[in-house]
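*Asks:* Sequential numbering of the sequence shown, starting at 288, is according to the working numbering.
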Amino acid sequence: MNLVDRAIAPGATRQEVLAGFGAALVGAGLALSLALDAHLPALSVAVVAVVAFDLFGGAVVNATDAAKRWYHRPGRTARHHLTFVALHIQPYLLAWTVPGVAWTAAAAIHGSALVGAVLVTVAPAPVRRPAAFAITAFALTLTTSLVTLPSELGWFAPLLLVKLLLAHLLPEVASR
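(1) For Trp442, which of helix, strand or coil comes out of DSSP?
(2) Using a Cβ-Cβ cut-off of 6 Å (strictly less than) and excluding sequence neighbours within five positions of Val273, which residues of its own chain qualify?
(3) Would you mind listing the alpha helix (DSSP H) stretches within the region 387–460 that are 4+ residues and don't spill past its ends, in chain order?
(4) So what does DSSP say about Asp324, is it helix, strand or coil?
(5) Roughly how many angstroms separate the alpha carbons of Arg416 and Leu290, rounded to a whole number?
(6) Do the CB positions of Thr403 and Val347 come within less than 9 Å of each other?
(7) Quick check on the burial criterion: 16 or more other C-beta atoms within 10 angstroms. Buried or exposed for Gly344?
(8) Could you check how far apart the C-beta atoms of His368 and Thr408 are, in whole angstroms? I think they sit under 8 Å.
(9) Find the nearest neighbour of Val405 within the set Gln377, Thr391, Ala373, judged by alpha-carbon distance.
(10) Which stretch, first to last residue, makes up the alpha helix (DSSP H) that contains Arg293?
(11) Need the endpoints of the alpha helix (DSSP H) that Ala346 sits in, please.
(12) Suppose the cutoff is 7 Å on Cβ atoms and the five residues either side in sequence are ignored; what does the same chain contact list for Ala315 look like?
(13) Could you give the first and the last residue of the continuous alpha helix (DSSP H) run that contains His368?
(14) Which residues in the same chain as Leu319 place their Cβ atom closer than 8 Å to its Cβ, once the five residues preceding and following it in sequence are excluded?
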């Protein structure tokens, strides 16, 4: 498996690769700018930029036809998808390295993603897509209303939820 196969998915088209890496680079640049403007320490700035690269790129990549084929290929189960969500420990990485990000905020955001993922995966197939959007809307409301993050990270929880609950968990192929 080459770098593109690992970062995007096997069989990704040139357009999917450009969209994924383009979003990752622009998103990382935007987050970097916000972190620098907030005068965060160097380690925090670096972590924020890497997390942004992953989330902005991942939200786009996980919505591609190539990623849908790869992550929802025969033999993939809810356990695989829930493990993928659980392994997204970026909230804790931010709590560890960015001043003003509480561990309770990290747990609330990660917990919202995990609970949301369980609810999406148990939803009956015919209503999984609308259920995922409803669950994401509620999780977005909770994480942006009840969880306090520094303003330069206002993008973080919404983007994590979009990447995981909408882009990754929904198996359907994007319309052409």
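In this text, a Cβ means the ideal position worked out from N, Cα and C, and glycines have one as well.
*Replies:* In terms of the structure at hand:
(1) Here residue 442 refers to the residue found at position 155 of the sequence shown. Coil, per DSSP.
(2) Nothing about residue 273 can be read from this structure; the chain reaches only from 288 to 463.
(3) 390–409, 415–433, 443–448
(4) Counting from 1 along the sequence shown, the entry for residue 324 is found at position 37. Of the three classes helix, strand and coil, the one that applies to Asp324 here is helix, per DSSP.
(5) For the purposes of this step, residue 416 is taken as the residue at position 129 of the sequence shown. For the purposes of this step, residue 290 is taken as the residue at position 3 of the sequence shown. Going by the C-alpha atoms only, they are around 30 Å apart.
(6) Locating residue 403 in the sequence shown gives position 116, counting from the first residue. Locating residue 347 in the sequence shown gives position 60, counting from the first residue. The sequence shown places Gly at residue 403, rather than the Thr named in the question. In this structure, Val347 does not lie closer than 9 Å to Gly403 by Cβ.
(7) Counting from 1 along the sequence shown, the entry for residue 344 is found at position 57. Burial call: buried.
(8) As a working note, residue 368 is residue 81 in the sequence shown. As a working note, residue 408 is residue 121 in the sequence shown. So it is a contact: roughly 6 Å between Cβ atoms.
(9) By one-based count along the sequence shown, residue 405 stands at place 118. Per the Cα distances, Ala373.
(10) By one-based count along the sequence shown, residue 293 stands at place 6. Start and end: 290–294.
(11) Residue numbering aside, residue 346 sits at position 59 when the sequence shown is read from its first letter. First-last of the alpha helix (DSSP H) with Ala346: 329–348.
(12) For the purposes of this step, residue 315 is taken as the residue at position 28 of the sequence shown. Result list for Ala315: Ala336, Ala339, Phe340, Phe343, in chain order.
(13) On the sequence shown, residue 368 is found 81 positions in, with the first residue counted as 1. Counting along the chain, the alpha helix (DSSP H) containing His368 begins and ends at 365–373.
(14) Taking the sequence shown and counting its residues from 1, the one referred to as residue 319 is at position 32. Excluding sequence neighbours, Leu319 sits near Val332, Val335, Ala336, Ala339.
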